[in-house]
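Protein chains in written order, with my numbering: chain A, 1 to 186; chain B, 187 to 372. Just so it is clear, CB atoms sit at the ideal spot from N, CA and C, and this is done for glycine as well. A quick write-up on the structure given underneath.
Protein chains: 2
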Amino acid sequence: MLINYAILRLLSAEPMSGYDLKKIMQESLYMYWSGNNNQIYKALLQLCSDDLLTSEIHHQDGAPTKKLYKITDKGRAALLEWVVSTPPEAPEFKKPFLIQMACAGQLEAAQIEELVLKYQHELNLQLIMQQEKQRRMNVAPSLAKRERFIEDMIFDNIFTFYQSELQWTQKVLQGIRNNFREESQR
Amino acid sequence: MLINYAILRLLSAEPMSGYDLKKIMQESLYMYWSGNNNQIYKALLQLCSDDLLTSEIHHQDGAPTKKLYKITDKGRAALLEWVVSTPPEAPEFKKPFLIQMACAGQLEAAQIEELVLKYQHELNLQLIMQQEKQRRMNVAPSLAKRERFIEDMIFDNIFTFYQSELQWTQKVLQGIRNNFREESQR
DNA sequence: CATGCCATGTAAGGCGTTACATGATTTC
DNA sequence: GAAATCATGTAACGCCTTACATGGCATG
């Protein structure tokens, strides 16, 4: 399960509780599990029983008791092994909007335009939210050069994803205005 | 459920059987259900009981009996209503490769490069497959100008998705070569 | 004679989400 | 006094996939 490796990755940086992991995943741009503790707590149990993690109970006063999870040497080895030996998968996407577009032949030009504009708006919102997440996340100050580069590349990937989708909406809008000018000018 | 509207859309062009729908969805670039008859047959039953479709049993000699589904006026109205009144959603993506990348700080430059090259290769394969699908699908010869335009835009969307991902891999590879030159030249 | 296509359907199970339960502490 | 945060966990459900069951016809 991929989420197990995502957790191992996070714990390879520093020990954390399940709750911490949940928050980080909620804020993450590419860990796409939308802050879902159910899966996290189950995964943690499994990883512990596989000896990839150890858990330590931390009593705190003025706050609930928590379990601190640490990655083991076996865990680090498993993560490394996974990274180098897993064949990279092509990305998946779900674009419900394309299904809407596919139905748009029935509509008037102005209606299609309106739809695309709404989509554009939604994309802009999303893009701003992602940038905001990225901004909030930057607390780790002194990463190694390599780590920094990788972080940047990951952000760039997500950023250009939305950018190119936005560019596509521009192309569509222009196409509508050029091809269906007669109608939309009336 | 979105798949219901995808089915309505397909049946709005011409009557079909569940099996036909399954095949089309398998070949579709943006209907992302990977040819899954389970959902299709269930959806068809539901759509029938909602009077959005009618089904007609067709006996064929030399082939199994099939059920031909036709969209009703109510079905067309529901589809149109859905298209114009559903707020467009931002696309979702899952890129397991980014999780792999996030772990790559541990690796040597050459290993990262290898990983990215493999990803690039996988993307190229995928892109070719999608183009092949698109080529095979083009049997509908004389679409209206508007329909043609929409079809083209949808294909363009998917095409540029892979293209921009490929461009990203180029950027990453260059970055590795520039930033970690010392190591990778050894 | 095995494989594959046409055609309909069912079963099992994994992945993922929302929501709930509990309970203490802090903040408005 | 209400709401948010910290913290762990469970329950219920929906979506989606793979695989299976059936059976006739065609193709190699």
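* To do: Could you give the DSSP three-state label for Ser-421(B): helix, strand or coil?
  => In this structure chain B extends from 187 to 372, so residue 421(B) is not present and cannot be described.
* Within 8 Å (strictly less), CB to CB, does Ile-193(B) reach chain A? -> Walking along the second sequence from the start, residue 193(B) turns up at place 7. Judged by the 8 Å Cβ criterion, Ile-193(B) is not in contact with chain A.
* So does the stretch 273-281 of chain B actually touch the stretch 206-220 of chain B, counting three or more Cβ pairs closer than 8 Å? -> no
* Measuring CB to CB, does Met-101(A) end up less than 8 Å from Ile-257(B)? -> Position 101 of the first sequence, counted from the start, is the residue given in the question as residue 101(A). Position 71 of the second sequence, counted from the start, is the residue given in the question as residue 257(B). Contact flag unset, no.
* Asked: Which chain A residues sit within Cβ distance under 9 Å of Glu-242(B)?
  -> The residue you call residue 242(B) lines up with position 56 of the second sequence. Correct list: empty, because the minimum Cβ distance to chain A is about 24 Å.
* How far does the beta strand (DSSP E) with Thr-397(B) in it reach, from first residue to last? -> In the structure as shown, chain B begins at 187 and stops at 372. Residue 397(B) is therefore absent and cannot be evaluated.
* DSSP state of Phe-161(A) mapped onto helix, strand, coil -> Residue 161(A) sits at position 161 when you count from the first residue of the first sequence. In this structure, Phe-161(A) counts as helix in the three-state DSSP scheme.
* Strand pairing of Ile-71(A), partner residues [DSSP] -> Counting from one through the first sequence, the residue named residue 71(A) turns up at place 71. In DSSP, Ile-71(A) forms a bridge with Leu-53(A).
* Alpha carbon to alpha carbon, how far is Asp-206(B) from Glu-56(A)? -> Here the question's residue 206(B) lines up with position 20 in the second sequence. Here the question's residue 56(A) lines up with position 56 in the first sequence. Taking the straight line from one Cα to the other gives about 56 Å.
* Asked: Quick one: Cα of Lys-189(A) to Cα of Trp-33(A), how far?
  -> Since the displayed chain A opens at 1 and closes at 186, residue 189(A) lies outside it and no answer follows.
* Asked: Do we get a CB-CB distance below 8 Å when we pair Leu-373(B) with the residues of chain A?
  -> Residue 373(B) cannot be examined here, being either before or after the span of chain B that is shown, 187 to 372.
* Whole angstroms is fine: what's the gap from Gly-204(B)'s alpha carbon to Ile-210(B)'s? => For this step, residue 204(B) is matched to residue 18 along the second sequence. For this step, residue 210(B) is matched to residue 24 along the second sequence. Whole-angstrom Cα-Cα distance: 10 Å.
* Out of Cys-234(B), Ile-285(B), Gln-246(B), Leu-311(B), which has the shortest C-alpha to C-alpha gap to Gly-261(B)? -> Numbered from its first residue, the second sequence carries residue 261(B) at position 75. For Gly-261(B), the nearest C-alpha among the options comes from Cys-234(B).
* In whole angstroms, what separates the C-alpha of Leu-117(A) from that of Thr-169(A)? -> Walking along the first sequence from the start, residue 117(A) turns up at place 117. Walking along the first sequence from the start, residue 169(A) turns up at place 169. Whole-angstrom Cα-Cα distance: 8 Å.
* Asked: Got a sec, what are the start and stop residues for the alpha helix (DSSP H) Lys-209(B) sits in?
  -> As a first step, residue 209(B) must be located in the second sequence, where it is residue number 23. That run of the alpha helix (DSSP H) goes 204-213.
* To do: Enumerate in chain order the residues of its own chain whose CB-to-CB distance from Met-137(A) is below 7 Å, with the five nearest sequence positions on each side excluded.
  => Reading the first sequence from its first residue, position 137 is the one you call residue 137(A). Cβ neighbours of Met-137(A) beyond the five flanking positions: Glu-27.
* **Strand pairing of Lys-252(B), partner residues [DSSP]** => Your numbering for residue 252(B) matches position 66 in the second sequence. For Lys-252(B), which the question treats as bridged, DSSP gives the partners His-244(B).
* Short CB-CB distance (under 8 Å) between Tyr-255(B) and chain A -> As a working mapping, residue 255(B) is identified with position 69 in the second sequence. Cβ-Cβ to chain A under 8 Å: no for Tyr-255(B).
* Pick from Asn-38(A), Leu-98(A), Ile-99(A), Thr-54(A): whose alpha carbon is nearest that of Leu-8(A)? -> On the first sequence, residue 8(A) is found 8 positions in, with the first residue counted as 1. Among Asn-38(A), Leu-98(A), Ile-99(A), Thr-54(A), the Cα nearest to that of Leu-8(A) belongs to Thr-54(A).
* **Backbone CA spacing between Lys-253(B) and Tyr-227(B) [nearest angstrom]** => Indexing the second sequence from 1 puts residue 253(B) at position 67. Indexing the second sequence from 1 puts residue 227(B) at position 41. Rounded to whole angstroms, Lys-253(B) to Tyr-227(B) spans 11 Å at the Cα level.
* Is Gly-187(A) buried or exposed, if buried means 16 or more other CB atoms sit within 10 Å of its CB? -> Shown here, chain A extends from 1 to 186; a query on residue 187(A) therefore has no answer.
* Trp-168(A) at chain B interface by Cβ criterion, 8 Å -> For the purposes of this step, residue 168(A) is taken as residue 168 along the first sequence, with counting starting at 1. Cβ-Cβ to chain B under 8 Å: yes for Trp-168(A).
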